[in-house]
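The structure appears right after this line, and notes come after that.
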Amino acid sequence: MLILGIETSCDETAVSVVGASGPVEEPAFKLLGSTLMSQMKLHEKYGGVHPNLAKREHIKNLPIVLEKVLKESGVEMGEIDKIAVTVGPGLEPALWTGINFAQDLSKKYDIPVIPTNHMEGHMASVLLDENLRRTLADLPEQAQRSPLSFPALALLISGGHTELVYLKSWKEKEIVGETKDDAVGEAFDKVARMLGLSYPGGPEISKLAEKARELRVMNYEVRFPRPMIHSGDLNFSFSGLKTAVLYFLRKVPDLNEGIKMEVAREFEDAVVEVLTFKSRQAILKYNPGTFIIGGGVIANKKIRESFQKLNGEFPDLILRIPERELATDNAVMIAMAGYLSHISGVNSKMELKARGNLKYS
Ligand code: KG4
Ligand code: ZN
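Okay, structure coming up:
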């Protein structure tokens, strides 16, 4: 089945063409084309995404991105079997642009639309194997197989979400822990702003923190809290950590490069410690077959390494992390999630409209 994926929930206009087959436990995906236009530079001056500006840009970019992806994949619209489009969660004006675009294509070419949950997209992002993708040109007939073993646990860490989700199956999902305030990506972005770094802040903080570790910058006493680490549940909080950084910076007379590096490193260490601690608790409690991590923050090198280390404590657990390119928003994950939802009947009766706060059905 050929799926056209469309993603416009935030500041990326993304369209993909993905070949999909097989059952939910062992889906086979083949990436035919993926194009993405980022609006990051436009939103930078606001320190975040401006919804109406995002809407305008998506409307402008969608036809361009579609044309490019069809060309790249060598597929014509008439050959597409389903259109998977993000309906939420996200910024509603931005979501509507993708939905309207999908609906127009659906009418014009008589193709059914699968309303797709962005967070399920992040879960599905782990299903494309990097090595196979790289050699795909040499192995055009070879589909990419990556089994999912249920029950699974998913840790989703993005700019808008931080949650632990228990998946009894692809159809039955339950949030078992979530942030009580800021999302972890949001904390990265806000701390980056305090340090005078550009948006999005995650990659900037990560670079500085890495530099601090490399150079062993340890000349300033910086220590931040690990919020809610001993709360006894699987919930998170990152607003206190962000405030601790703010208070610390207020006391610093001269915010030089050395201190910035150290703040970035200690902030990242605090995030890593909380995320891995809570994940360990969740794994012990739910004993999943697969541990999935999704969302832009898992592009972070230190966090990836820490979870690989955590995996060493659970030799039977299959850890699935997306390749870095698929960690941040893209339409490949939307096509894959759309396929899984379609074959398992998730969201099949969902009305096609934008839902800013969409949860799991
Ligand atoms: O999943 P995503 O692309 O968009 C949402 O659905 O929110 O996640 C974006 C978030 C931003 O907050 C960004 O700062 C963060 O992911 N991010 C990172 C890194 N790359 C992106 N955070 C930490 N380290 C990174 N390398
Ligand atoms: Zn996302």
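Residue numbering for the sequence shown follows my numbering, starting at 1 and increasing by one per position. All C-beta atoms, glycine included, are put in the ideal place defined by N, C-alpha and C.
Query                                                                                                                                                                 : Result
Report whether the distance from the Cβ of His-50 to the nearest heavy atom of ligand 2 is below 7 angstroms.                                                         : no
I need the boundaries of the beta strand (DSSP E) containing Ser-34, first residue and last residue.                                                                  : 28-38
Got a sec: does ligand 2 put a non-hydrogen atom nearer than 7 angstroms to the Cβ of His-230?                                                                        : no
Within 10 Å of its beta-carbon, does His-230 have 16 or more other beta-carbons around it, so buried, or fewer, so exposed?                                           : exposed
Taking DSSP's pairing of strands, which residues face Phe-236 in a bridge?                                                                                            : Thr-179
I'd like the list of long-range same chain contacts for Ala-20, defined as Cβ closer than 6 angstroms, with 5 residues on each side in sequence excluded.             : Met-1, Ile-3, Phe-29, Tyr-339
Does DSSP put Lys-82 in a helix, a strand or coil?                                                                                                                    : strand
Helix, strand or coil: how does DSSP classify Leu-155 here?                                                                                                           : strand
For a test of the three-state rule: what should DSSP assign to Glu-163, helix, strand or coil?                                                                        : strand
Just verifying my parser: in three-state terms, what is the DSSP assignment at Leu-2?                                                                                 : strand
Just tell me which of Ala-244, Leu-153, Leu-156 has its CA closest to the CA of Val-191.                                                                              : Ala-244
Reducing DSSP to helix, strand and coil, say where Ala-379 ends up.                                                                                                   : As displayed, the chain neither begins before 1 nor continues past 361, which places residue 379 out of reach and without an answer.
At a threshold of 7 angstroms, does Gly-5 count as lining ligand 2 (C-beta to nearest heavy atom)?                                                                    : no
Hey, would you say the C-beta of His-43 is under 7 angstroms away from at least one heavy atom of ligand 2?                                                           : no
Identify every residue that forms a DSSP beta bridge with Leu-319.                                                                                                    : Phe-291
Under 7 angstroms Cβ to Cβ from His-118, same chain only, skipping five residues before and after it: list those, please.                                             : Ser-9, Thr-86, Gly-88, Pro-89, Gly-90
Return the Cβ separation of Ala-443 and Ala-84 in integer angstroms, given the expectation that the two are a contact with Cβ distance under 8 angstroms.             : With the chain running from 1 to 361 in the structure shown, residue 443 is simply not present.
What whole-angstrom Cβ distance do Arg-223 and Glu-266 have, given they're in contact under 8 angstroms?                                                              : 7 angstroms
Taking buried to mean at least 16 other C-beta atoms within 10 Å of its own C-beta, is Lys-251 buried or exposed?                                                     : exposed
Among Leu-31, Ile-343, Lys-68, Trp-170, which one has its Cα closest to the Cα of Thr-13?                                                                             : Lys-68
Hey, would you say Ser-125 sits closer than 8 angstroms to Leu-326, going by beta carbons?                                                                            : yes
Please report how far the alpha carbon of Gly-356 lies from the alpha carbon of Pro-27, in whole angstroms.                                                           : 29 angstroms
Taking C-beta to C-beta, are Ala-209 and Glu-268 nearer than 8 angstroms?                                                                                             : yes
Report all residues from its chain with a CB closer than 6 angstroms to the CB of Glu-174; omit the five preceding and five following residues, and keep chain order. : Tyr-166
May I have the straight-line CA-CA distance separating Val-15 from Asn-100, to the nearest angstrom?                                                                  : 14 angstroms
In terms of alpha-carbon separation, which member of Glu-92, Pro-151, Pro-23, Pro-200 lies closest to Lys-45?                                                         : Pro-200
In or out: Glu-7 buried (at least 16 other Cβ within 10 Å) or exposed?                                                                                                : buried
Could you tell me which residues DSSP pairs with Ile-114 in its beta bridges?                                                                                         : Ala-84
Is it the case that the CB of Asp-254 approaches a heavy atom of ligand 1 more closely than 7 angstroms?                                                              : no
When the distance is taken between beta carbons, is Met-123 closer than 8 angstroms to Ala-154?                                                                       : yes
How far does the beta strand (DSSP E) with Glu-12 in it extend, from its first residue to its last?                                                                   : 12-21
If you drop the 5 nearest sequence neighbours on each side, which residues of the same chain put their C-beta closer than 7 angstroms to that of Thr-135?             : Confidence at Thr-135 is low in this model, with a pLDDT of 41, below 50, so the placement of that residue is unreliable and no value is reported for it.
Measuring alpha carbon to alpha carbon, tell me which of Val-263, Lys-171, Met-228 ends up nearest Lys-211.                                                           : Val-263
Express the C-alpha separation of Leu-275 and Glu-204 in angstroms, rounding to a whole number.                                                                       : 20 angstroms
With distances taken Cα to Cα, identify the nearest neighbour of Glu-25 among Lys-180, Leu-127, Lys-207, Leu-164.                                                     : Leu-127
Provide the residue span of the alpha helix (DSSP H) that contains Pro-93, from first to last.                                                                        : 92-109
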